[in-house]
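Colleague:
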Amino acid sequence: KAGVTQTPRYLIKTRGQQVTLSCSPISGHRSVSWYQQTPGQGLQFLFEYFSETQRNKGNFPGRFSGRQFSNSRSEMNVSTLELGDSALYLCASSLGHRDSNYEQYFGPGTRLTVT
Amino acid sequence: QQQVKQSPQSLIVQKGGIPIINCAYENTAFDYFPWYQQFPGKGPALLIAIRPDVSEKKEGRFTISFNKSAKQFSLHIMDSQPGDSATYFCAASKKTSGSRLTFGEGTQLTVNP
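Chains as they are written, first to last, in my numbering: chain X, 1 to 115; chain S, 1 to 113.
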């Protein structure tokens with residue numbers, strides 16, 4: 001099976017702009033989670049989508065949003081970009097059935113730089 | 001109560017050595033504990049995972065030891081190789097939080113030839 005894919009791999013944006021990142025999960029996986037990775041804060045959970053519904057949300061401002069499509073592909077959007085949003089954004093997919101934990105597999109990430 | 005504490009922050013060993021990375025958690029509701037390996041420029045890759053009903057799990061050269069009463073778990077890498085040089089993250093999750101993982105701070109491992 002193909003792994004988790006993320007596009008684009010690199011992005012440079014200007015403060016105040018918005019950005020959309022895309023994630024395609026492993027075939028058959030219905031859960032997609034997004035994480036932000038920075039040197040200072042490490043890996044932090046943003047949100048999880050399962051069957052097109054947000055199931056979990058981390059402690060990030062409302063500028064960070066996402067959605068999931070019927071084919072399980074997911075997009076993440078960040079509006080009004082700030083310099084501190086520069087990070088590696090990682091997507092992870094899993095089977096994701098409720099009331100169970102399944103292995104999560106990460107994509108290569110999108111490196112976002114805000115100038 | 002959601003934190004996972006990882007140590008050491010960095011670790012240097014010689015080829016063939018057995019690096020040990022430790023993690024401690026607070027939330028007793030956590031019931032799944034994976035370890036991830038990350039190389040520069042790559043996403044984290046799942047190495048091995050354990051559930052609290054067992055005290056040890058081995059997969060190849062990687063072993064997880066789990067101490068439920070102490071709320072601690074550790075990763076041992078047997079016969080370490082230079083190719084094992086990477087950043088290792090422990091994590092924890094609980095069934096009621098779906099796929100949400102809480103990560104430790106990471107350990108940068110260097111294995112010298």
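Even for Gly, the Cβ is constructed at its ideal location relative to N, Cα and C.
1) So, SER31 (chain X) versus ARG73 (chain X), is the Cβ gap smaller than 7 Å?
2) Go ahead and pull the three-state DSSP assignment for SER85 (chain S).
3) Which stretch, first to last residue, makes up the beta strand (DSSP E) that contains PRO34 (chain S)?
4) Return the residue from the list X:GLN18, X:GLN6, X:ALA92 that minimises the CA-CA distance to ASP85 (chain X).
5) Please confirm whether ARG61 (chain S) has its beta-carbon closer than 7 Å to some beta-carbon of chain X.
6) To the nearest angstrom, how far is it from the Cα of GLN72 (chain S) to the Cα of THR14 (chain X)?
7) Determine the direct distance from the alpha carbon of LEU83 (chain X) to that of VAL114 (chain X), and round the result to whole angstroms.
8) Under a Cβ-count criterion, where at least 16 other Cβ atoms within 10 Å of its own Cβ denotes burial, should GLN68 (chain X) be classed as buried or exposed?
9) Could you compute how far the alpha carbon of THR7 (chain X) sits from the alpha carbon of SER69 (chain S)?
10) Where do the ends of the beta strand (DSSP E) carrying TYR89 (chain X) lie?
11) For chain X, find out if any of its Cβ atoms is closer than 7 Å to the Cβ of GLU105 (chain S); answer yes or no.
12) So, do the stretch 45–63 of chain X and the stretch 86–100 of chain S have three or more beta carbon pairs nearer to each other than 8 Å?
13) Are SER85 (chain S) and THR110 (chain S) closer than 7 Å when you measure CB to CB?
14) Just the chain S side, please: which residues come within less than 9 Å of PHE106 (chain X) by C-beta, in chain order?
15) Over the uninterrupted beta strand (DSSP E) stretch that includes ARG63 (chain X), give me the two end residues.
16) I'd like to know if PHE60 (chain X) contacts chain S, where contact means its C-beta is closer than 7 Å to some C-beta of that chain.
17) What are the boundary residues of the beta strand (DSSP E) that SER33 (chain X) is part of?
18) Compare the C-alpha of ILE48 (chain S) against each of S:GLU59, S:GLY83, S:LYS42 and name the closest.
19) For GLU103 (chain X), write down the residues that DSSP places opposite it in a beta bridge.
20) List the whole-angstrom C-beta distance separating TYR102 (chain X) from LEU95 (chain X), where the pair is believed to meet the contact cut-off of C-beta under 8 Å.
21) Per DSSP, which one or two residues make a beta bridge with PHE62 (chain S)?
Modeller: Short version:
1) Numbered from 1 along the first sequence, position 31 holds the residue referred to as residue 31 (chain X). Numbered from 1 along the first sequence, position 73 holds the residue referred to as residue 73 (chain X). No, Cβ-Cβ distance for SER31 (chain X) and ARG73 (chain X) is not below 7 Å.
2) Translated into positions along the second sequence, residue 85 (chain S) becomes position 85. SER85 (chain S): coil per DSSP, three-state reduction.
3) Residue numbering aside, residue 34 (chain S) sits at position 34 when the second sequence is read from its first letter. Where PRO34 (chain S) is concerned, the enclosing beta strand (DSSP E) stretches over 33–38.
4) Along the first sequence, one-based indexing puts residue 85 (chain X) at 85. Across the set X:GLN18, X:GLN6, X:ALA92, the C-alpha of X:GLN18 shows the shortest separation from the C-alpha of ASP85 (chain X).
5) For this step, residue 61 (chain S) is matched to residue 61 along the second sequence. Chain X places no beta carbon closer than 7 Å to that of ARG61 (chain S), leaving this residue out of the contacts.
6) Position 72 of the second sequence, counting from 1, holds the residue named residue 72 (chain S). Position 14 of the first sequence, counting from 1, holds the residue named residue 14 (chain X). Roughly 43 Å between the two C-alpha positions.
7) Residue mapping note: residue 114 (chain X) aligns to position 114 of the first sequence, counting from 1. Residue mapping note: residue 83 (chain X) aligns to position 83 of the first sequence, counting from 1. Their Cα atoms are separated by approximately 5 Å.
8) Within the first sequence, the letter at position 68 stands for residue 68 (chain X). GLN68 (chain X) counts as buried, since no fewer than 16 other beta carbons sit within 10 angstroms of its beta carbon.
9) For the purposes of this step, residue 7 (chain X) is taken as the residue at position 7 of the first sequence. For the purposes of this step, residue 69 (chain S) is taken as the residue at position 69 of the second sequence. The alpha-carbon atoms of THR7 (chain X) and SER69 (chain S) are separated by roughly 43 Å.
10) Here residue 89 (chain X) refers to the residue found at position 89 of the first sequence. Segment 87–94, the beta strand (DSSP E) holding TYR89 (chain X).
11) Taking the second sequence and counting its residues from 1, one reaches residue 105 (chain S) at position 105. Yes, because at least one Cβ of chain X sits closer than 7 Å to the Cβ of GLU105 (chain S).
12) Taking 8 Å as the limit for Cβ pairs, the verdict is that the stretch 86–100 of chain S does touch the stretch 45–63 of chain X.
13) Taking the first residue of the second sequence as 1, we reach residue 85 (chain S) at position 85. Taking the first residue of the second sequence as 1, we reach residue 110 (chain S) at position 110. Yes, they are a contact pair.
14) Indexing the first sequence from 1 puts residue 106 (chain X) at position 106. Around PHE106 (chain X), the beta-carbon contacts reaching into chain S at under 9 Å are TYR36, GLN38, LYS42, GLY43, PRO44, ALA45, LEU46.
15) Sequence index remark: in the first sequence, residue 63 (chain X) carries index 63 (1-based). Careful: ARG63 (chain X) lies outside any beta strand (DSSP E) and carries neither H nor E.
16) Mapped onto the first sequence, residue 60 (chain X) falls at position 60. No, because no Cβ of chain S sits closer than 7 Å to the Cβ of PHE60 (chain X).
17) Residue mapping note: residue 33 (chain X) aligns to position 33 of the first sequence, counting from 1. Here the beta strand (DSSP E) through SER33 (chain X) covers 31–38.
18) Residue 48 (chain S) sits at position 48 when you count from the first residue of the second sequence. Minimum Cα distance to ILE48 (chain S) is reached at S:GLU59.
19) The count along the first sequence starts at 1 and reaches residue 103 (chain X) at position 103. Note: GLU103 (chain X) sits in no beta bridge, so no partner.
20) To locate residue 102 (chain X), count along the first sequence from 1; it is residue 102. To locate residue 95 (chain X), count along the first sequence from 1; it is residue 95. Approximately 4 Å separates the beta-carbon atoms of TYR102 (chain X) and LEU95 (chain X); this is inside 8 Å, confirming the contact.
21) Working through the second sequence from its first residue, we reach residue 62 (chain S) at position 62. The bridge partners DSSP lists for PHE62 (chain S) are S:GLU59, S:ILE77.
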